[in-house]
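If you count by full-length UniProt numbering, then the sequence shown holds residues 1 to 1267, one letter each, in order. Note sheet for the following structure.
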Amino acid sequence: MAYLAKFDSSSARVKGLAFHPKRPWILSGLHTGVIELWDYRSCTLIDKFEEHEGPVRGIDFHKNQPLFVSGGDDYKIKVWNYKQRKCLFTLNGHMDYIRTTFFHHEYPWILSASDDQTIRIWNWQSRSLACVLTGHCHYVMCAQFHPKEDLVVSASLDQSVRVWDISGFRKKNVAPASLSGIEEQVRYLSSGNSSVGHSGLGGNAEFFGPTDVVARHVLEGHDRGVNWVVFHPTLPIIVSASDDRQIRLWRITETKAWLLDTLRGHTNNVSCVVFHPKQDLLLSDSEDKTIRIWDLAKRSCVATIRRDSDRFWVLAAHPEHNLFAAGHDEGMIVFKLERERPAWTLHKDLLLYVKGKQLRKLNLANTKDSPAMTLKDYGTPFAIAYNHIENSVIITSRPQFTESGTANYNVSQVTYDLYQLPKDGSASDSPAESRSGHGSGAVWIGRNKFVVLEAPGTLAVRNSANEKVKKIDLPGADCIFFGGTGNILVRDASCLSLYSVANGRTLATLKNTKLIRQAIWSPDGQHVAFFSKMFLYLCDRQLEVKTSIHETVRIKSGAWAEEAGVFIYTTSTHIKYCLLNGDHGIIRTLDLVIYVTKVHGDSIFCLDRDCQPKILSIDPTEYRFKLALIKRRYEEVLYMVNHANLVGQAIIGYLEQKGYPEVALHFVKDTRTRFSLAMDCGQLDVGLEAARALDDKACWERLGELALRQGNINILEMAYQRTKNFSKLTFLYLITGNLEKLRKMMKIAEVRRDLGKQYQIALLLGDVAERVKVLKNCNRGSLALLTASTHGLARESEELIENGETAPPTNPSAKLLVPSPPASKPEVAEGNWPTLSVHKDFFEVAIGKAGLEDAEAVSGPRIQLPKVDKAAFNMDSAEVANWGEDADLALDEEGEGKLTRGGFGDEEESTDDGLGANEEGGWDVEQDLDLPAEDLGTTGGAIAEKASVETFTEPAPGRSPDSYWVDNSPLAVDHVLAGSYAQAMRLLNQQVGVVDFKPYAPIFHALYAASRMVLPGLAHSPALRVYAHRTCGPLAGALPAVPLRLEHLISRLQTAYQLTTKAKFADAVERFRCIMLSVPLLLVENNTEEAEAKSLLNICKEYIIGLQMEMTRKTLPRESDEDRVRNVELACYFTHMKLELPHLVLTLRTAVNLLFKLKNLRTAALMARRLLDLAPSMEVAEQTRKILRVCDANPVDAFELAYDPRNPFEVCPASFTPIYRGEECVREPLSGAAYRPEFKGQLCRVTKATEIGLAARGMCLQMPKSH
């Protein structure tokens, strides 16, 4: 049994403790007089109560009411209401320190024990003293009610324990609940019973109150004072703890009591003792700084919990759960004695779990629960591995007790048992036979093989007879989990790895995680969930983290739902869900901890801590709704919108975040929220309704902006009117040509005495009389006279002259400027602007799946890749010279192989040793990796909003032939030919991991241009487009003719070979890369041609990596030894690329020359032999043999190279370092190039278009069978 700390607080010395019976709370009474209320599940302090003036020793929660009682050294008993956070009242009467206070489990009584040598019973409802129990002659250290009977037990420093009968007190003070109880109470009261045995009250009974309590037993035997005493919850047993370092068990009956046994082991005063609520155990603590756990059946100590510097003073046990608390000098600790996670495993609908000493099986389909077998009585089972083929199970058990009292077990203490389940399904009472062994974990990896973690870092593969087949050393491994057939998940201190037992290598690694406790695979094996104490990780099969969740309370269990990509898990307080994209939420709350075994529909099959199977109902609507949005199952979304009860701000915020405000409108009742959502999704009608209800200026302004964008003149006019925005109203009437309302605006300006606006409108209307009127009103008589005279207003002119106004002479050529009349009719001007009639669904149309099966080969290959030999190139000496002087074997005329003085021949070599004049130095591998959204297949574009079509409807155009190609084909090339670049990008991203489409731009444009012909049309008519089809039949099923063929790429390959031969490496790399990027856009007819296309990818990959490495080598400095060594290493790596024979000869000649110059004669000899094996020309062979003779004479390497020619390797294109077989690497999805793990997520150096390590489905080059 282990000591598992759940919560540890730091405070002053804790003298009193009490668990809340229902909530995860605990009260602690401190020596400073403070009472602290803690939530031990979340480890938070809830409240403090500070009215006591001395240490608080007695404290207890009421079972049903929101009350707790406390007693302190200030002689006071206080009753508190923790909801109101205050003391309700104080009970005074004790004349010394109060040691303990307890509520009665049924009646309104409080029992207190005090240093004034009395025990008192208080009625907390009447707030009065009900009874005083006297008889002890020293401090009473503890007094408690019996959990069921009318008994009280007390312990005192007078070395005695007393058992009191309070049945008479109950009959006198409690109203009877039945007729028989009334008769019993009448008989008791009429008998005049008023005596108290061993009360010691004498003639002063009236002073101490009623005398209706009898001291039934006085238990003596302790040599020193007794500190604690408690009843057993079900048996007639009392346990007492004393300063004599002993714990005594007493048996009581109605007539007598006697000592059962004495438990010895503590080395100092025993402070407190409690019974385990569910097991036959006893816990005690002492001032010797230990807590001891005793087996009552064996009457012996089975475990000890120690602290280095703190004495223990008090213990408390939770009334229902396996939880205990101990108070010590520096605070308290909440702990449990063992893990309560049940051992279980699930196979389809069969649940196997351990309950007690039985292995039981539960059929989840029909809920039939039956025993499977009886297990051996050793330890506590904590894991089960089931083999449904062999019908056998492996049950791993930990020891029940440890001497240290900690949760750390030695591997030698953990055992596994291999059982064969009975074929007939019957279970016997005797333990079943098993094959046992030591190991902290066991998982099946095959039909008759399983892996056992025998020791840290040591694993063993065993067969079904428990015989060791193989030993595996994995340093640091401390736990294993199931990893699929043939695989295991291995945990060490730094990471979690997926290890292949058959191949002996690591397949994937998960790093930077907390300590993983559980691994749960999805039913299809494509995803796995890991969780630690507080963290949840959802990963794919390559252990790539899809999402991670950090919880504030402990994660207990989890299971994958029937819906793919939904993980249901439980914490201490909730059932929650998590999707692969990171969306998560709460399904329901929990009163008790459960362990999920399976999720089926809206039911969760689970086990509780008592290993009792349960079925809980849940509402999966929320996560199904989110999953449907993610999976683009819009019909399901619409159904749930109309029928499901989806409410709450969380779902509204989620829909807004994901860009679906229209859906959120269906759930919102709040007017302001509805208005905001309506503005987001452009629904003017809903927004107008909400704006009328709110009648807020800001809302009308926002509504007006949206109406202006949509051309809804009516709503726009209403918004401007409600906000009294006369300037915008004037402009609106002007641009719509509504002159009548513009005149009304002029009248409004006149009423508002806005002369400037009135004059402006008069100018717009061409109303001269109004202009003169405005000028007169603002005392501009001269301007008014000039205006009237100019435009022939004689009467107004005369009136102004009579008033003494003067003006300059008028211009005889002046003309009145009048605005143009409205182009539309008045009824049109007052209506909304015409909009296109565009049918738009509530959601976007789901994109069809592109994953299709390969078509079977119907014929042989049409084109064979050429097997190029040295004769195919016809290289002359000039072409060989293009490769540089490194390819020229450095020998003197006599062939004695003298080394040049400069090592690399620096004095003789010119600056032309690098790239030729026609080479640009290749591609820059340090490209910016920012990936624009348009390259990932997400295209922008305005979306037409639905509006009124009363005045105009654009006719729907017919479909062009290329629009059918997208519907009929899942191939990326067909989408490119149709001009659907976005969908083609999406397909290439899914199939081969393309993330940067800049290199594809010229390929796309060339294919698109080649897919159609343009013929001149008739006069004044557009040109005609003619489309070439590769299929016959109706246009609806047409497919385009693909201009790119496999033979075209093979001809380009010959050109790339020639450029390589001429040492035009940069041009050759570009040509190889263009071929590689074009391969996913091929159309082939059978699997053989598809294999040829894939072989093209491998050829291009090898050449691109080799040539880039060679170009990099030529740019390296050669001043230091390190530089020369690096130069030679790259030359050696180049020789291992899969090149054609002439090119391989050139790379070997270069490597031999450089190694010879570096004086690495041993490696040079190996390279020379490889060169001779290729049968080069006679001249080259003779020179190579001369070098070989020199090297064999002294086969020593002057420098150590990072190069092992005998160990197969691949070259990392980013670092140009070897990745040997078995080393961890990541692959690029198109070419398959291997990279070191640190380059994962970067742009591929080979393709310049794909992402390293991105999971992809693979190329699709053939039409599926259905087409």
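C-beta: ideal position from N, C-alpha, C; glycine also. Quick caveat: nothing in here was measured; it's all calculated off a predicted structure.
| query | result |
| --- | --- |
| Just to check my reading of the structure: Phe102 and Asp60 have Cβ atoms closer than 8 Å, yes? What is that Cβ distance to the nearest angstrom? | 5 Å |
| Helix, strand or coil for Met746? Go by DSSP, reduced to three states. | helix |
| Would Asp285 and Cys272 qualify as a contact pair, given that the criterion is a beta-carbon distance under 8 Å? | yes |
| Considering just the uninterrupted stretch of the beta strand (DSSP E) at Phe481, what are its terminal residues? | Cys479 to Phe482 |
| Give a yes or no on whether the C-beta atoms belonging to Gln991 and Ala1256 are separated by under 8 Å. | yes |
| Name the residue from Glu1085, Glu1092, Gly476 and Thr1061 whose alpha carbon lies nearest to the alpha carbon of Glu1140. | Thr1061 |
| For Pro1176, decide whether its Cβ has a neighbour in chain B, counting only Cβ atoms nearer than 8 Å. | The chain inventory of the structure shown lacks chain B, comprising one protein chain alone. |
| Look up Pro399 in the DSSP assignment and say whether it is helix, strand or coil. | coil |
| Shortest alpha-carbon distance to Leu474 belongs to which of Thr485, Lys1094, Arg491 and Asn463? | Arg491 |
| I need the boundaries of the beta strand (DSSP E) containing Phe102, first residue and last residue. | Ile98 to Phe103 |
| To the nearest angstrom, how far is the alpha carbon of Ile445 from that of Leu489? | 11 Å |
| With DSSP as the reference, label Cys1074 as helix, strand or coil. | helix |
| Would Leu315 and Ala326 be called neighbours here (beta carbons separated by less than 8 Å)? | yes |
| Could you pull the start and end residues of the alpha helix (DSSP H) that residue 1307 belongs to? | No answer is possible for residue 1307: it lies beyond the span of the chain, which begins at 1 and ends at 1267. |
| Got a sec, what are the start and stop residues for the alpha helix (DSSP H) Phe1004 sits in? | Ala1001 to Ala1010 |
| Taking the alpha carbon of Leu580 as the point to measure from, which residue in Gly135, Arg672, Ser676 and Glu544 has its own alpha carbon closest? | Glu544 |
| For Asp369, write down the residues that DSSP places opposite it in a beta bridge. | Leu362 |
| For Asp47, which residues of its own chain have a beta-carbon under 8 Å away from its beta-carbon, when the five flanking residues on both sides are left out? | Glu36, Leu37, Tyr82 and Arg85 |
| Can you say whether Ser1120 is buried or exposed, counting buried as having 16 or more other CB atoms within 10 angstroms of its CB? | exposed |
| Here's the rule I'm using: 16 or more other beta-carbon atoms within 10 Å means buried, otherwise exposed. How should Ile333 be labelled? | buried |
| Using a Cβ distance threshold of 8 Å, determine whether the stretch 508-515 contacts the stretch 555-571, with at least three qualifying pairs required. | no |
| Assuming contact is defined by CB atoms lying nearer than 8 Å, are Gly135 and Ile98 in contact in what I supplied? | no |
| Answer yes or no: do Thr396 and Ala383 have a C-beta to C-beta separation smaller than 8 Å? | yes |
| Which residues in the same chain as Ser392 place their Cβ atom closer than 6 Å to its Cβ, once the five residues preceding and following it in sequence are excluded? | Gln420 |
| Under 8 Å, do Leu1144 and Asn1127 count as touching if we go by C-beta distance? | no |
| Is the stretch 151-169 touching the stretch 237-244, taking contact as three or more C-beta pairs under 8 Å? | yes |
| Just the Cα atoms here: how many angstroms apart are Ser242 and Thr267? | 12 Å |
| If contacts are defined as beta-carbon pairs under 8 Å, then Gly93 and Arg120 qualify, I think. What distance do you get, rounded to the angstrom? | 6 Å |
| I need the DSSP call for Lys1157, collapsed to helix, strand or coil. | helix |
| Indicate the three-state DSSP secondary structure (helix, strand or coil) for Leu219 in the structure shown. | strand |
| Can you tell me whether DSSP reads Glu919 as helix, strand or coil? | At Glu919 the pLDDT is 40, less than 50, meaning the model places this residue with poor confidence and gives no usable figure here. |
| In the DSSP assignment, find the beta strand (DSSP E) that holds Asp608 and state where it starts and stops. | Ser603 to Asp608 |
| Just verifying my parser: in three-state terms, what is the DSSP assignment at Met141? | strand |
| Tell me, please, whether the stretch 15-30 touches the stretch 342-352 by the rule of three or more beta-carbon pairs shorter than 8 Å. | no |
| Using the Cα positions of Arg1118 and Arg1124, report the straight-line distance between them to the nearest angstrom. | 5 Å |
| If you draw a straight line from the alpha carbon of residue 1268 to that of Val69, how long is it in whole angstroms? | The question about residue 1268 has no answer here: the residues shown for the chain are numbered 1 through 1267. |
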